[in-house]
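What follows is one structure encoded as structure tokens, with my remarks underneath.
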Amino acid sequence: MSRPMWVRACVAQSPAVQSRSSFVSQVKAVNVEIQVVLGRAQLPMAQLLRMGRGAVIPLDTTVNEEVWILANNHPVARGEIQINDERIAITVTREANVYDYMAGSA
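Residues in the sequence shown are numbered consecutively from 194, following the numbering used here.
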């Protein structure tokens, strides 16, 4: 059932709608830090302290495995690494499962 034109006009101009619109535009202006987690590793502190330039840290992931995409340190998606010319990008493939991230698994 559609509202009469005058009701739609009143709702559109109401302070509550204007306030909500202002709130939404403020939320859209917030910057979010995006991080990509390639993999994880656990090392003894002694080994970490011995590392120097050129040391290699093996990760618990493979070349074709999906990476984690974090927004403000919270897992939000999984993705694949894309390399075009000299640029690296991430293609979002699916939503993140927070429980998998916390467990450290794919």
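Beta carbons are placed, not taken as given, at the ideal position from N, Cα and C, and that holds for glycine. Since this is a predicted model, take the numbers as computed values, not measurements.
According to DSSP, what are the bridge partners of L263? Within the sequence shown, residue 263 is the residue found at index 70, counting from 1. Note: L263 is bridge-paired with Q228 and P268 in the DSSP secondary-structure output.
Verify whether the separation of the beta carbon atoms of E259 and G272 is less than 8 Å. Here residue 259 is taken as the residue at index 66 of the sequence shown, counted from 1. Here residue 272 is taken as the residue at index 79 of the sequence shown, counted from 1. Going by C-beta atoms, E259 is nearer than 8 Å to G272.
What residue does the beta strand (DSSP E) around A282 start on, and which one ends it? Indexing the sequence shown from 1 puts residue 282 at position 89. Per DSSP, A282 is one residue of the beta strand (DSSP E) stretching across R280 to E288.
Using alpha carbons as the reference points, say which of W261, N224 and V291 lies closest to I274. Along the sequence shown, one-based indexing puts residue 274 at 81. The option with the nearest alpha carbon to I274 is W261.
Check whether the region 242-252 touches the region 275-289, counting contact only when three or more Cβ pairs, one atom from each stretch, lie closer than 8 Å. no
Confirm, please, whether the CB-CB distance from P268 to A289 is below 8 Å. Indexing the sequence shown from 1 puts residue 289 at position 96. Indexing the sequence shown from 1 puts residue 268 at position 75. Yes; because the gap between Cβ atoms is below 8 Å, this pair is in contact.
In angstroms with no decimal places, state the Cα-to-Cα distance between R213 and A282. For the purposes of this step, residue 213 is identified with residue 20 of the sequence shown, where counting begins at 1. For the purposes of this step, residue 282 is identified with residue 89 of the sequence shown, where counting begins at 1. One C-alpha to the other measures close to 34 Å.
Exposed or buried, D293, counting other C-beta atoms within 10 Å across all chains shown (16 or more means buried)? Translated into the one-based positions of the sequence shown, residue 293 becomes position 100. Exposed is the label assigned to D293, since fewer than 16 other Cβ atoms lie within 10 Å of its Cβ.
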